[in-house]
């Protein structure tokens, strides 16, 4: 992340303006370089964006993006650096790019001025935002709480005129009365915030220092790679690489932005002064939890422990809340205590809002996701369960609908009922099941995972809830990172050992016990036999427990692995070995890694280094891995390193989880939410947002054409030929728009009303496009014998225009075209 004096993308844009004033036409007409296998890249040192490590290795947003492009172009890079401060080096590199002394630079804004000096690819390489920041310890403001921004004093650098204009538009849209104070020079600007002269700073999102936090984001702007004017080979390669990256992962630039400039890996808890005052005055809150939920929450030697305990301890530490914990006999008892006011918080409630409302409870968001497991007796055929075990007070799941319900107090009692055959089924979660299988021998159970991504654990308050307490708890839960959740799980599950009771030993070895009592002379021999057999049985049980745990893992989408640091051996689960085509145990792993997993090791140099970096306790990432069958899939990687008492690494334990379906569903839902179901064009909300983004990118002197299209006499077509033909004509119109207005924003506002918005179009050019569209539509629909035609209203957009203004102007022009008989266009004057 950029620090003081490092202005990243914003500084690149500012220097463009200076360069345009100093560079003459000769720079733009400089001879282009001969095409070579090595691309010369201008590399200014900008933290987070383009930088070098202490070992001299290149890294950063631009570097990683270029490596991704190289996968599809075969390019090799020569990174060119220039001595001097950041302003000097950037200016020199931009001159070199214009003269053809280097081939490529990143982080460039595309405008009429920059296009006169450089060539740009079709696709951008990411976006940046203008942001409002305050001191990290300033408790007066919180993110997205715009009501607190009234009369705020904002410091801005005098040269950031466009950013100031965006901020004023943001204030007008949100009814914020703000005072903007401008400063010459960065040091004076930063001192104004520290001294309290201003309340906030206006800056770019990639330049926010760790001593400040963001309270508002606006004015999204794309940035590009650029090359020397006329260098078609570089432009062709960029278009190919960028198009392939979008095809493989549409959100690649967003993920890369989060990696280098985001803060999602370390969410910060921020409480308002009102919330802090509440915490200081509320005293100790009473929290209850049901017994028998080990390792999630239970009592051990009179102390509340488990995964929930670890996470709640963190919540109390971060917020200052004080909780007094009490174990109760059942979940139902906990619900009743909260309902009656005997307790303030119930720990471990399921995220079922409807059931919580019926019980008089209000839920926080889930603090721990769960994998639900359906447990059946091995004599019960799937789908033929008649009796189900349920926890008293716990909501009945859909899988048990239609069965006779038998109520129990603890999960252990439910599992024993299934084991004995008293009931046919029980729904639990993988953590509880693993713990009970480890501590007790169950021989009559079979289990299968349930596909339910919404399962988890919440905190429950009495309804109606104290909104301040609910907000504090929800904020605290939201500040827990996925890594911290996984650490809590590993801490409370990996260290749990099987429980062996004295009665269990007596039941397991009655003959040895009798011999020890009856035959005194055989005591020594009996004890030796007893302990030897105990050890063997214990080892067998540990092996069986391991098999059970692996079985549960095989039933889920998890691929487990363990790396023994001292033995230099990698051990993987059966599912891992089958998926990636490797052995279960791989000795001398560090020497053989590239031989065994040439593609796997090359996921990403940064991720590959982190995965087995023994100095990092935990690593989490999303990666795309090739599989043994030749296909590939997306996985989430989680790896945790375990150390001895002296801090030396012993093991790296981790898992891969297949998230291909999740990503596909996410991309599908995003596409469906943005497009019109009939025509495939943008829907109204997406179209309006994309047009606003296009308008916001217009530079002084640039124009865009805004077309409003409407079918002539479309109602009569529906009345005469039916709605199916009407729908076919709407689809035909959409295809005609795609060929007539290629490269623009195309959308359907509703009914037979469509819009198109194309950048870089003059009034004359827009008129030609509209005329060609009207003619082409008549020709495409001529065989339908329905007299299909359309009218077009045109408005020319300039910097500062809004969507509503353009729509109103083009609508007036459309009305004029309709008045002229249709099948024509009219240009708003």
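In mature numbering (1 follows the signal peptide of the UniProt record, and there is no 0), the protein residues as written are -30 to -1, 1 to 799.
Glycine is no exception: its CB is placed at the ideal position from the N, C-alpha and C atoms.
What you are looking at is a predicted structure, and each value in this text was computed from that prediction instead of being measured.
Check whether residue i and residue j have beta carbons under 8 Å apart
| i | j | result |
| --- | --- | --- |
| residue 440 | residue 338 | no |
| residue 771 | residue 665 | yes |
| residue 792 | residue 722 | no |
| residue 265 | residue 463 | yes |
| residue 73 | residue 123 | no |
| residue 554 | residue 538 | no |
| residue 398 | residue 381 | yes |
| residue 593 | residue 607 | yes |
| residue 775 | residue 715 | no |
| residue 18 | residue 224 | no |
| residue 432 | residue 333 | no |
| residue 358 | residue 392 | no |
| residue 764 | residue 675 | yes |
| residue 762 | residue 740 | yes |
| residue 257 | residue 295 | yes |
| residue 430 | residue 345 | no |
| residue 335 | residue 251 | no |
| residue 779 | residue 753 | no |
| residue 162 | residue 102 | no |
| residue 342 | residue 425 | yes |
| residue 375 | residue 360 | yes |
| residue 744 | residue 760 | yes |
Continuous alpha helix (DSSP H) stretch holding residue i: start and end
| i | result |
| --- | --- |
| residue 773 | 773 to 789 |
| residue 132 | 131 to 143 |
| residue 697 | 693 to 710 |
| residue 178 | Run containing residue 178: none; DSSP gives neither H nor E here. |
| residue 682 | From DSSP, residue 682 is part of no alpha helix (DSSP H); its letter is neither H nor E. |
| residue 42 | 31 to 43 |
| residue 460 | 452 to 463 |
| residue 396 | Not the alpha helix (DSSP H): residue 396 falls in the beta strand (DSSP E), residues 395 to 399. |
| residue 649 | That residue, residue 649, is in no alpha helix (DSSP H); it is neither H nor E in DSSP. |
Bridge partner(s) assigned by DSSP for residue i
| i | result |
| --- | --- |
| residue 117 | DSSP output for residue 117 lists no bridge partner at all. |
| residue 251 | Partner(s): none; residue 251 has no beta bridge. |
| residue 78 | 194 |
| residue 532 | 541, 623 |
| residue 269 | 274 |
| residue 426 | 339 |
| residue 292 | 254 |
| residue 161 | Looking at the DSSP assignment, residue 161 forms no beta bridge with any residue, so it has no partner. |
| residue 689 | DSSP, once it has assigned bridges, lists no residue as partnering residue 689. |
| residue 89 | 197 |
| residue 375 | 358 |
| residue 418 | 344 |
| residue 260 | 298 |
| residue 10 | 48 |
| residue 628 | 605 |
Residue span of the beta strand (DSSP E) that contains residue i, given as start and end
| i | result |
| --- | --- |
| residue 100 | 97 to 105 |
| residue 47 | 46 to 50 |
| residue 386 | From DSSP, residue 386 is part of no beta strand (DSSP E) but of the alpha helix (DSSP H) over 381 to 390. |
| residue 719 | 715 to 720 |
| residue 794 | Here residue 794 belongs to no beta strand (DSSP E), and DSSP marks it neither H nor E. |
| residue 125 | 123 to 127 |
| residue 303 | Element bounds for residue 303: not the beta strand (DSSP E) but the alpha helix (DSSP H), 301 to 310. |
| residue 611 | 602 to 613 |
| residue 864 | Absent from the model: residue 864. The displayed extent of the chain is -30 to 799, so no value can be given. |
| residue 168 | Residue 168 -> no beta strand (DSSP E), and no H or E assigned at all. |
| residue 673 | No beta strand (DSSP E) contains residue 673, which DSSP labels as neither H nor E. |
Contact test: residue i Cβ vs the ligand GTP heavy atom, cutoff 7 Å
| i | result |
| --- | --- |
| residue 306 | Within the structure as shown, the ligand GTP is missing, as the structure has no ligands at all. |
Determine contact between the segment 50 to 57 and the segment 152 to 168, defined as no fewer than three beta-carbon pairs at a distance below 8 Å.
-> no
Within the chosen definition, does the segment 696 to 704 reach the segment 645 to 660 through at least 3 CB pairs nearer than 8 Å?
-> yes
Would you say the segment 96 to 106 touches the segment 154 to 161, given that touching needs at least three Cβ pairs under 8 Å?
-> no
At least three beta-carbon pairs within less than 8 Å, the segment 393 to 411 to the segment 312 to 324 = no
State whether the segment 623 to 640 contacts the segment 692 to 699, with contact taken as three or more CB pairs (one from each stretch) at a distance under 8 Å.
-> no
Can at least three beta-carbon pairs, one atom from the segment 210 to 219 and one from the segment 117 to 132, be found at a separation below 8 Å?
-> no
The segment 185 to 193 in contact with the segment 238 to 254 per 3-pair CB rule at 8 Å | no
Contact between the segment 63 to 71 and the segment 191 to 209 (3+ Cβ pairs under 8 Å) = yes
Output the residue ranges of the alpha helix (DSSP H) runs that lie fully inside the segment 713 to 763 and measure 4 residues or longer, sorted by chain position.
-> 733 to 750
Is there contact here, the segment 298 to 308 with the segment 266 to 285, by at least three beta-carbon pairs under 8 Å?
-> no
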